[in-house]
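One structure is given below, encoded as structure tokens.
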Amino acid sequence: MPESDRQSMVEQVRAMGIRDRRVLKAMGRVRRHLFIPDKFRRGDSYGNHPLPIGYDQTISQPYIVAYMTEKMNVRPGEKILEIGTGSGYQAAILAELGAQVYSVETIRGLAEHASAVLKEEGYHSVKVRHGNGNQGWAEHAPYDVILVTCAPATVPEALTGQLREGGRMILPVGGYRQHLVILRKSKGKIEQQDDLPVRFVPMV
Ligand code: SAH
Numbered sequence: 044m045p046e047s048d049r050q051s052m053v054e055q056v057r058a059m060g061i062r063d064r065r066v067l068k069a070m071g072r073v074r075r076h077l078f079i080p081d082k083f084r085r086g087d088s089y090g091n092h093p094l095p096i097g098y099d100q101t102i103s104q105p106y107i108v109a110y111m112t113e114k115m116n117v118r119p120g121e122k123i124l125e126i127g128t129g130s131g132y133q134a135a136i137l138a139e140l141g142a143q144v145y146s147v148e149t150i151r152g153l154a155e156h157a158s159a160v161l162k163e164e165g166y167h168s169v170k171v172r173h174g175n176g177n178q179g180w181a182e183h184a185p186y187d188v189i190l191v192t193c194a195p196a197t198v199p200e201a202l203t204g205q206l207r208e209g210g211r212m213i214l215p216v217g218g219y220r221q222h223l224v225i226l227r228k229s230k231g232k233i234e235q236q237d238d239l240p241v242r243f244v245p246m247v
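Quick note, our numbering runs 43 ahead of the 1-based positions in the sequence shown.
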């Protein structure tokens, strides 16, 4: 049953160290299984692992979604840029936290699928654009938070340029070996801190 599976998923990410109650509540509300296209949906939509969503792409592992979201400490009303919409699941979690989300996806079929599910599920505060995210989405900049779910080799300058003063950004960086990097823009300067080792698809 999706509801009980979802509660077990929340318990699992909590047991793994996610403490922010707003994040846990959002994870308990978003119907993750519906973000996985029919063709790929099996019985394990709420397992703590990534799953295929077509086009050789995956929906991220619940723990990593929760972890990145918690690290960004998203407040209601904040404006967020996501690069790598994929299934739309991460965007839905951010919308549950009350954020206005702009998400860019390079694969048209995924952008369309995510956009349709987000609309059906009532996440009207998410706008999805088909395009290359390495240039960000200048029209809506600056952003309070930028969250990237595909890995560039180095931090793209176009993205840090679209961060508001006091804004924060989290992204996986690297090639075969990657780690999360957390940045903060303070007095026009970027402070950078390395975090967990991770494994994401490369940013194209
Ligand atoms: N956040 C997603 C998981 C994304 S997987 C979710 O919740 O389901 C990473 C996604 O990044 C893939 O869909 C891939 O197509 C996309 N991607 C890769 N390079 C990109 C780029 N340069 N611009 C935008 N999206 C990109």
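Every residue gets a Cβ at the ideal spot worked out from N, C-alpha and C, and that includes glycine.
As a quick exercise: from Gln133, Ala134, Ile123 and Lys232, pick the residue whose alpha carbon is nearest that of Gly179. Stepping through the sequence shown from its first residue, residue 179 is reached at position 136. Considering only alpha carbons, the answer is Ile123.
For Ser229, which residues of its own chain have a beta-carbon under 8 angstroms away from its beta-carbon, when the five flanking residues on both sides are left out? The residue given as residue 229 occupies position 186 in the sequence shown. Only Glu208 and Gly209 meet the Cβ criterion.
CA nearest to the CA of Thr192, picked from Val147, Pro185, Leu226 and Tyr219: For this step, residue 192 is matched to residue 149 along the sequence shown. Nearest option by C-alpha distance: Val147.
By the three-class DSSP mapping on this structure, what secondary structure does Val247 have? Walking along the sequence shown from the start, residue 247 turns up at place 204. DSSP places Val247 in coil when its eight states are reduced to three.
Assuming contact is defined by CB atoms lying nearer than 8 angstroms, are Thr128 and Leu94 in contact in what I supplied? Along the sequence shown, one-based indexing puts residue 128 at 85. Along the sequence shown, one-based indexing puts residue 94 at 51. Against a cut-off of 8 angstroms, the Cβ pair of Leu94 and Thr128 comes out as no contact.
Specify the secondary structure class of Tyr106 as computed by DSSP and reduced to three states. Working through the sequence shown from its first residue, we reach residue 106 at position 63. Tyr106 falls in the helix class under three-state DSSP.
With a threshold of 7 angstroms, establish whether the CB of Met246 neighbours any heavy atom of the ligand SAH. The residue you call residue 246 lines up with position 203 of the sequence shown. Within the cutoff, so yes.
Please go through the region 158–187 and give each complete beta strand (DSSP E) segment of 3 or more residues, from N-terminal end onward. For the region 158–187, whole beta strand (DSSP E) runs of length 3 or above, ordered along the chain, are 169–173.
Other residues of its chain near Lys114: CB distance less than 7 angstroms, five sequence neighbours each side excluded: Residue numbering aside, residue 114 sits at position 71 when the sequence shown is read from its first letter. Closer than 7 angstroms at Cβ, skipping near neighbours: Ile213 and Ile225.
Beta-ladder partner(s) of Gln143, from DSSP: Here residue 143 corresponds to residue number 100 of the sequence shown, with the count starting at 1. DSSP lists Lys122 as partners of Gln143.
What do you get for Tyr166, buried or exposed, if any count of 16 or more other CB atoms within 10 angstroms of its CB means buried? Working through the sequence shown from its first residue, we reach residue 166 at position 123. Buried, since its Cβ has 16 or more Cβ neighbours within 10 Å.
Beta-carbon separation of Phe78 and Tyr145 under 8 angstroms? On the sequence shown, residue 78 is found 35 positions in, with the first residue counted as 1. On the sequence shown, residue 145 is found 102 positions in, with the first residue counted as 1. 8 angstroms or more divides the Cβ of Phe78 from the Cβ of Tyr145.
I'd like the list of long-range same chain contacts for Ala220, defined as Cβ closer than 8 angstroms, with 5 residues on each side in sequence excluded. In the sequence shown, the residue the question calls residue 220 occupies position 177. The question names Ala, yet the displayed sequence has Arg at residue 220. Same-chain partners within the cutoff: Pro240.
Around the Cβ of Pro45, are there at least 16 other Cβ atoms within 10 angstroms (buried) or fewer (exposed)? Numbered from 1 along the sequence shown, position 2 holds the residue referred to as residue 45. Answer is exposed; the Cβ neighbour count stays below 16.
With respect to the alpha helix (DSSP H) encompassing Leu226, which residues constitute its N-terminal and C-terminal limits? Here the question's residue 226 lines up with position 183 in the sequence shown. For Leu226, there is no enclosing alpha helix (DSSP H); the residue is found in the beta strand (DSSP E) stretching over Gln221 to Ser229.
Is any heavy atom in the ligand SAH found nearer than 7 angstroms to the beta carbon of Tyr106? Here residue 106 refers to the residue found at position 63 when the sequence shown is read from its first residue. Outside the cutoff, so no.
For Ala138, the residue or residues it bridges with in DSSP: What you label residue 138 is simply residue 95 of the sequence shown in a count that begins at 1. In DSSP, Ala138 forms no bridge with anything.
Bridge partners - Gln55, DSSP secondary structure assignment: Taking the sequence shown and counting its residues from 1, the one referred to as residue 55 is at position 12. Within the DSSP bridge table, the entry for Gln55 names no partner.
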